[in-house]
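Read through the structure below, which is laid out as structure tokens, and then see the notes.
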Amino acid sequence: MVSFTGSTRVGKMTMAAASNSLKKVSMELGGKNGQIVFPDADLEAAADAAVFGGFFNAGECCNAGSRLIVHEAIADDFLAAVKALTARVTVGDPLDDRTKVGAMISADHMEKVAGYVTAAKTDGGSVYSGGGQLASNAGQYLDPTIVRNVTEDMAIAREEVFGPVLSVLTFETIEKALHIANNTPYGLSAGVWSASIDTCMSVARGVRSGTVWVNTFMEGYPELPFGGYKQSGLGRELGKRAVEDYTEEKTIQFHRGQRTGWWVG
Numbered sequence: 009m010v011s012f013t014g015s016t017r018v019g020k021m022t023m024a025a026a027s028n029s030l031k032k033v034s035m036e037l038g039g040k041n042g043q044i045v046f047p048d049a050d051l052e053a054a055a056d057a058a059v060f061g062g063f064f065n066a067g068e069c070c071n072a073g074s075r076l077i078v079h080e081a082i083a084d085d086f087l088a089a090v091k092a093l094t095a096r097v098t099v100g101d102p103l104d105d106r107t108k109v110g111a112m113i114s115a116d117h118m119e120k121v122a123g124y125v126t127a128a129k130t131d132g133g134s135v136y137s138g139g140g141q142l143a144s145n146a147g148q149y150l151d152p153t154i155v156r157n158v159t160e161d162m163a164i165a166r167e168e169v170f171g172p173v174l175s176v177l178t179f180e181t182i183e184k185a186l187h188i189a190n191n192t193p194y195g196l197s198a199g200v201w202s203a204s205i206d207t208c209m210s211v212a213r214g215v216r217s218g219t220v221w222v223n224t225f226m227e228g229y230p231e232l233p234f235g236g237y238k239q240s241g242l243g244r245e246l247g248k249r250a251v252e253d254y255t256e257e258k259t260i261q262f263h264r265g266q267r268t269g270w271w272v273g
């Protein structure tokens, strides 16, 4: 059994290598996870979850909520609240208890993440908050960044950025929200925010993601299986399902009672 957590690219390489000996594999790979926010949601809680989902661990998390899919009727007011919370996020030394966003893993990766923001601006997107690199001798720091006017065809909306960058897309109907959420090669997780259980369940059923959080985000328990659809992997971690993934079935059959005959009479 080979269990791998990492990028989709390396996951495919690992799976190919494991195929030589027909090893079972469990892959928890990349994600392009969206939080869908409806007008009747608890917008204060949703705004906090948007900031947490987008910028936790400097966005270097397969489960990051890197896409914010917001109903057009509330987009301006809701994003103003998200921007205000983002301004309060402390960027700095990860060993400092006050820090919420630490350094990027490397200078090369920081440049790659910044490149997604630059490309989005070239394609018509606009930086609503952040977007700059913080000068520091202690590491590579990127401002938590919110990009508006993002369209589904942009790389920043489809590819895993793996950095503190939140892409904003808007919708008017639940069908459009689902289309945006599913319009990516990944399917690790999603979030839906609404006071309507019917709306939440419609989204939960329609989103092609291994986990859907309802009025919360990135909240997990050991008994709940976690894993993705599509290019976000296969197999599951946690829960009974994970135990089953790490075991093999064996059939043992006993004969009891009198024989009814012999094959060779």
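Read the sequence shown against my numbering and you will find it ends at 273, with the numbers running on by one and no gaps. Beta carbons: idealized from backbone N, C-alpha and C, even for Gly.
(message) Quick check on this structure: which residue in Glu180, Thr159, Tyr124 has the alpha carbon closest to the alpha carbon of Thr153?
(response) Tyr124
(message) In the DSSP assignment, the alpha helix (DSSP H) including Tyr136 goes from what residue to what residue?
(response) Unbroken run through Tyr136 is the beta strand (DSSP E), 134-137; no alpha helix (DSSP H).
(request) Please classify Lys40: is it buried, with 16 or more other beta-carbons within 10 angstroms of its beta-carbon, or exposed? (result) buried
(message) Distance cutoff 8 Å, beta carbons only. Does Phe46 sit that close to anything in chain D?
(response) Here there is only one protein chain, and chain D is not present.
(message) Using only the alpha-carbon positions, how far apart do Thr16 and His79 sit?
(response) 30 Å
(request) Go ahead and pull the three-state DSSP assignment for Ile77. (result) strand
(message) Please classify Gln266 as buried or exposed, where buried requires at least 16 neighbouring CB atoms within 10 angstroms.
(response) exposed
(message) Once DSSP output is grouped into helix, strand and coil, what is the label at Thr107?
(response) coil
(request) Output yes or no for whether 8 Å exceeds the beta carbon distance between Ala122 and Gly147. (result) no
(message) Suppose you measure from the CA of Gly243 to the CA of Leu232; what does that come to, to the nearest Å?
(response) 13 Å
(message) In this structure, how does DSSP classify Tyr124 when only helix, strand and coil are distinguished?
(response) helix
(request) Within the region 45-104, note down every full beta strand (DSSP E) run reaching 3 residues or more, in order along the chain. (result) 75-79
(request) Note the first and the last residue of the continuous alpha helix (DSSP H) segment covering Val18. (result) 16-27
(message) Buried or exposed for Thr255, going by 16 or more other Cβ atoms inside 10 Å?
(response) exposed
(message) So, for Leu93: in the same chain, excluding its five sequence neighbours on each side, which residues have a beta-carbon less than 7 Å away from its beta-carbon?
(response) Ala55, Asp56, Val59
(request) Starting from the C-beta of Gly19, find all residues in its chain whose C-beta is less than 7 Å away, skip the five residues before and the five after it, and write them out in chain order. (result) Phe12, Met35, Leu37, Gly241
(request) From the DSSP output, in three-state form, read off Ala203 for me. (result) coil
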